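Protein chains in written order, with the UniProt record's numbering: chain A, 1 to 192; chain B, 1 to 192.
Even for Gly, the Cβ is constructed at its ideal location relative to N, Cα and C.
If you're wondering where the values come from, they're calculated on a predicted model, not measured in any experiment.
Protein chains: 2
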Amino acid sequence: MTADPPRLRADARRNVEGIRLAALDVFRANGLNSPLDEVARAAGVSKGTIYHRFGGRQGLIDAVVEELVAERIKGIITAVSAIEDPVERFESYLRQIWLLQYDEPAANDVLLRSLPGSEPVAALCEHANEVAGNLLGDAQATGVIRDDVTAEDVYLLIWERGIIARSCAQQPRDGYRRRLEYTLRGLRSTAC
Amino acid sequence: MTADPPRLRADARRNVEGIRLAALDVFRANGLNSPLDEVARAAGVSKGTIYHRFGGRQGLIDAVVEELVAERIKGIITAVSAIEDPVERFESYLRQIWLLQYDEPAANDVLLRSLPGSEPVAALCEHANEVAGNLLGDAQATGVIRDDVTAEDVYLLIWERGIIARSCAQQPRDGYRRRLEYTLRGLRSTAC
DNA sequence: AGGGTTCTTGACCATGACGTCAAGTAATGC
DNA sequence: GCATTACTTGACGTCATGGTCAAGAACCCT
């Protein structure tokens, strides 16, 4: 069953790992659309090697996306599901996702689905959305969150943050956080 | 004093006007960063003519920005200043600017200052900001708008909408408007 | 009508990215 | 240690954009 073992040569193994690490660095800094030449340079290999080893950008992303963002998104989902209060749970989820988007440009490329090809990415995205929908429903049941907010609204709120975070790395983090609270406040029912 | 009259030749005058019109169309549809080749094609001239007549993108923008967005922004400012209630005035201003951004991608290129060179654009932008700051102050004085909102927050709220509107032309207008109201609600004081 | 001037053209260069592949280089197994 | 195979390289082709300019076309005046 373990039909994998065409075992790579030593230099190839070294390069695969080096490229993975370089890709993590570069993608973290500039998102998943960074030029592959840059990754190659950072890894000390030539561009051709990346294509040879990973088949192109898509394959390279698949190889790092787990470590880059999937784990963090899953971590957020796990963390908030331990919260008792449905409203707090919902708001905490949004807060954390929004901050992840600020801190990790690559997360946006995942959440914005700007990479149609990657299967694991699509699945993760799907899952996160479903979770968000459930959190919203629970929070609305308490009456604290407006009931005209839809799951799509939540998706778009995240999507919007992604666009924004991607377009400006310079916005100070504090102000960004403060404004997130305004947005959350706007989702609450008007009847105090 | 009127030292202008090196009077253009007939074909040149025709082209200048044709290019202006084409630029209005193309810029309206795709923003101020549209390829100049596209403008040229729409005007039925060659790219070189645009460079020759307007000196490049910057000059072309200067030639159309007034008609394209300046008038509309000024119109909004005039319209809201007739509103009595300071809160309504402030919120109405934001609503209208946000809708302008939705309807006119080019407005964003102005408001986002993505065109460092253009002097009239910069002035307009400056002025709009100042107005927004005043409207905010008046609205806060009533106690209805949170007093921790800063003029920069307002600038950024507009900026953010610009980024968003620019990135997705497909968002249905109704949903967009509805979500604007959430945002406005988030700026009101929590003490109902 | 035709000569002198103004204007336009589109081929051209440059940049920066993606992706490919023949030829050269390095590890491995014997 | 050397032949064989796996691996890497970097120059090359391509595309899309911004911008330039010599040569040819259009206009205007007399």
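Terminal residues of the continuous alpha helix (DSSP H) containing residue i?
i      : result
A:V45  : No alpha helix (DSSP H) contains A:V45, which DSSP labels as neither H nor E.
A:R185 : 173-186
B:E66  : Taken as a continuous stretch (DSSP letters only), B:E66 belongs to no alpha helix (DSSP H), as it is neither H nor E.
A:Q101 : 86-103
A:A151 : 151-167
A:A10  : 10-30
Would you list the one or two residues that DSSP bridges to residue i?
i      : result
B:I145 : B:R188
If we ignore side chains and look at the alpha-carbon of each, how far apart do residue i and residue j end up?
i                      : j      : result
B:L187                 : A:Y182 : 6 angstroms
B:L79                  : B:L184 : Note that residue 79 of chain B is Ala in the sequence shown here, rather than Leu. Straight-line Cα distance between these residues: approximately 19 angstroms.
B:N30                  : B:A106 : 7 angstroms
B:N15                  : B:R9   : 10 angstroms
B:P172                 : A:L157 : 14 angstroms
B:I76                  : A:A22  : 50 angstroms
A:A123                 : A:W159 : 17 angstroms
B:L24                  : B:E66  : 11 angstroms
residue 219 of chain A : A:E152 : In the structure displayed, chain A extends from 1 to 192; residue 219 of chain A sits before or after that span and is not available.
B:Y176                 : B:I97  : 13 angstroms
B:E71                  : B:R95  : 17 angstroms
B:S34                  : B:L112 : 16 angstroms
B:E91                  : B:E130 : 16 angstroms
A:V64                  : A:C125 : 16 angstroms
A:Q170                 : A:R7   : 45 angstroms
A:D174                 : A:L99  : 11 angstroms
A:E17                  : A:E119 : 22 angstroms
A:E104                 : B:C168 : 22 angstroms
B:G56                  : A:R57  : 35 angstroms
B:G48                  : B:F54  : 10 angstroms
B:A139                 : B:S81  : 13 angstroms
B:G59                  : B:D11  : 20 angstroms
B:V121                 : B:R178 : 30 angstroms
B:T2                   : B:E38  : Its pLDDT being 46, under 50, B:T2 is placed unreliably by the model, and the measurement read from it follows with that caveat. Their backbone Cα atoms lie some 35 angstroms apart in a straight line.
B:D85                  : B:H52  : 50 angstroms
A:I163                 : A:L180 : 14 angstroms
Taking 8 angstroms as the cut-off, decide whether the C-beta atoms of residue i and residue j are in contact.
i      : j      : result
B:R146 : B:S189 : yes
A:A128 : A:I61  : no
B:L68  : B:R28  : yes
B:I50  : B:A40  : yes
B:I83  : B:V45  : no
A:D109 : A:L32  : yes
A:Y93  : A:A165 : no
A:L135 : A:R89  : yes
B:V87  : B:V144 : yes
A:A132 : A:V149 : no
Which residues of the region 75-94 of chain A have a Cβ closer than 9 angstroms to any Cβ of chain B? Give them in chain order. Legend: CB atoms of the region 75-94 of chain A lying less than 9 angstroms from CB atoms of chain B are not found in any residue.
Any C-beta of chain B within less than 9 angstroms: which residues of the region 181-192 of chain A qualify?
E181, Y182, T183, L184, R185, G186, L187, R188, T190, A191, C192
request  = Select from the UniProt domain "HTH tetR-type" (13-72) of chain A all residues with a C-beta closer than 9 angstroms to any C-beta belonging to chain B, and list them in chain order.
outcome  = none
Beta carbons nearer than 9 angstroms to chain A: which residues of the region 136-157 of chain B have them? R146, D148, V149, T150, E152, D153, L156, L157
With 7 angstroms as the limit, tell me which residues of the region 162-173 of chain B have their beta carbon closer than that to any beta carbon of chain A; keep them in chain order.
Flagged, chain order: I163, I164, S167.
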